[in-house]
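Novice: Numbering (my numbering), first residue to last: 3 to 266. In this text, a Cβ means the ideal position worked out from N, Cα and C, and glycines have one as well. All values reported here derive from a predicted model rather than from experimental measurement. This is the structure, below, for whatever I ask next.
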Ligand SMILES: [Fe+2]
């Protein structure tokens, strides 16, 4: 676990690993605002990160348990309001239902009582714009401070190259969301799993280019008469270990299928 600060944003950083699969988690604090609350498993570490800072509010990029895991604990402890996209409010009120591997990996997320995110809000002297960016999840949003070129991207970026996708990931929508961000002014990306990215614009463009390339390959093979399973076999002959580990929830098949469904 380690902390750093960049452009006025304090960063909490910690790795989570299970059965050899390791993922980094970043939680950000700026001007009294916490951006996502991290996985339940890290409640102690994130609680400690917050204990030395003023906490006025918690805002969420999306409902996944590694982003909302400590919202109940922190909002109770500090008596602060919590915000999320309106479509996820009902779901978040309940204790999360999730497959066993995710419960073990992240911990179980308790129910909390979020308020709907407005279109813009202020923290300190900064006006943050809430931009809908569906794709990774339907409710996904990012927070942009166009004046200083800072953007909290949640799971919009994560990494350049995409291989596996979640069962319900909407890759055509993700492409549109990346384009929406690229139409705006920003430099620094604060990613929930890759940390602070100073050349953020280039990285977002790289991700968009790579996704477009995968879409082109899938649609080309489809035009030759191949089905989703054959295309998956051709493009991704090796099955990544996360496919087994997640009981098939993360798979290259879903990457292929997301683009095939778009063409139907
Ligand atoms: Fe996520």
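Comparing alpha-carbon positions, which option in 137, 121, 18, 29 lies nearest residue 2?
Specialist: Limits of the chain in this structure are 3 at one end and 266 at the other, which puts residue 2 out of reach.
Novice: Taking 7 Å as the limit between beta carbons, can you name the residues of its chain near residue 160, skipping five residues before and five after?
Specialist: Residue mapping note: residue 160 aligns to position 158 of the chain shown, counting from 1. These residues qualify, in order along the chain: 193, 195, 196.
Novice: For a cutoff of 9 Å on Cβ pairs, would you count residue 263 as touching chain B?
Specialist: No chain B appears in this structure, which consists of one protein chain only.
Novice: What first and last residue would you give for the alpha helix (DSSP H) that runs through residue 230?
Specialist: As a first step, residue 230 is located in the chain shown; it is residue number 228 there, counting from the start. 230–237 is the span of the alpha helix (DSSP H), which, as asked, contains residue 230.
Novice: On the three-pair Cβ rule with 8 Å, is the region 49–61 touching the region 179–189?
Specialist: Judged by Cβ distances under 8 Å, the region 49–61 makes no contact with the region 179–189, as fewer than three pairs qualify.
Novice: Within 10 angstroms of its Cβ, does residue 84 collect 16 or more other Cβ (buried), or is it exposed?
Specialist: By one-based count along the chain shown, residue 84 stands at place 82. Buried, because 16 or more other Cβ atoms sit within 10 Å of the Cβ of residue 84.
Novice: To the nearest angstrom, how far is the alpha carbon of residue 91 from that of residue 250?
Specialist: By 1-based counting over the chain shown, the position of residue 91 is 89. By 1-based counting over the chain shown, the position of residue 250 is 248. One C-alpha to the other measures close to 27 Å.
Novice: What did DSSP end up calling residue 3 once you bin it into helix, strand or coil?
Specialist: Stepping through the chain shown from its first residue, residue 3 is reached at position 1. For residue 3, the predicted model reports a pLDDT of 49, less than 50, meaning its position is unreliable; a value from the coordinates is still stated below. Correct three-state label for residue 3: coil.
Novice: Taking the alpha helix (DSSP H) that residue 174 falls in, what are its first and last residues?
Specialist: Residue numbering aside, residue 174 sits at position 172 when the chain shown is read from its first letter. Per DSSP, residue 174 belongs to the alpha helix (DSSP H) from 173–184.
Novice: Could you pull the DSSP bridge partners for residue 24 from this structure?
Specialist: Position 22 of the chain shown, counted from the first residue, corresponds to residue 24. 19.
Novice: Within 10 angstroms of the Cβ of residue 253, are there 16 or more other Cβ atoms? Answer buried if so, exposed if not.
Specialist: Numbered from 1 along the chain shown, position 251 holds the residue referred to as residue 253. So residue 253 ends up on the buried side.
Novice: Using 8 Å for Cβ pairs, my map puts residue 33 next to residue 126. What's the rounded Cβ distance?
Specialist: As a first step, residue 33 is located in the chain shown; it is residue number 31 there, counting from the start. As a first step, residue 126 is located in the chain shown; it is residue number 124 there, counting from the start. That pair is a contact at about 3 Å.
Novice: Going by Cα to Cα distance, which pick from 223, 106, 178, 132 is closest to residue 118?
Specialist: Position 116 of the chain shown holds residue 118. It is 132 whose Cα lies nearest to the Cα of residue 118.
Novice: Give a yes or no on contact between the region 200–214 and the region 228–242, applying the rule of three or more CB pairs nearer than 8 Å.
Specialist: Too few Cβ pairs lie closer than 8 Å, so no.
Novice: Am I right that residue 71 and residue 40 are in contact with their C-beta atoms under 8 Å? What's the rounded C-beta distance?
Specialist: For the purposes of this step, residue 71 is taken as residue 69 along the chain shown, with counting starting at 1. For the purposes of this step, residue 40 is taken as residue 38 along the chain shown, with counting starting at 1. At roughly 6 Å, the Cβ-Cβ gap stays under 8 Å, so residue 71 and residue 40 are in contact.
Novice: Less than 8 Å between the CB of residue 196 and some heavy atom of ligand 1, yes or no?
Specialist: The residue labelled residue 196 in the question sits at position 194 within the chain shown. No, the Cβ of residue 196 stays beyond 8 Å of every heavy atom of ligand 1.
Novice: Just to confirm, are residue 114 and residue 77 a CB contact at a threshold of 9 Å?
Specialist: The residue you call residue 114 lines up with position 112 of the chain shown. The residue you call residue 77 lines up with position 75 of the chain shown. Cβ atoms of residue 114 and residue 77: closer than 9 Å.
Novice: Per DSSP, which one or two residues make a beta bridge with residue 86?
Specialist: Residue 86 sits at position 84 when you count from the first residue of the chain shown. Answer is 118.
Novice: Considering only C-alpha positions, which residue in the set 241, 139, 215 is nearest to residue 156?
Specialist: In the chain shown, the residue the question calls residue 156 occupies position 154. Among 241, 139, 215, the Cα nearest to that of residue 156 belongs to 139.
Novice: Run the CB neighbour count on residue 51, radius 10 Å, all protein chains shown included, and call it buried at 16 or more, exposed below.
Specialist: Here residue 51 refers to the residue found at position 49 when the chain shown is read from its first residue. Buried, since its Cβ has 16 or more Cβ neighbours within 10 Å.
Novice: Determine the direct distance from the alpha carbon of residue 227 to that of residue 96, and round the result to whole angstroms.
Specialist: As a working mapping, residue 96 is identified with position 94 in the chain shown. As a working mapping, residue 227 is identified with position 225 in the chain shown. Their Cα atoms are separated by approximately 45 Å.
Novice: Beta-carbon separation of residue 180 and residue 135 under 9 Å?
Specialist: For the purposes of this step, residue 180 is taken as the residue at position 178 of the chain shown. For the purposes of this step, residue 135 is taken as the residue at position 133 of the chain shown. Yes, the pair counts as a contact, with Cβ atoms nearer than the cut-off.
Novice: Ligand 1 and residue 222: does the residue's C-beta get closer than 8 Å to at least one heavy atom of that ligand?
Specialist: Walking along the chain shown from the start, residue 222 turns up at place 220. It does not: the Cβ of residue 222 is nowhere closer than 8 Å to a heavy atom of ligand 1.
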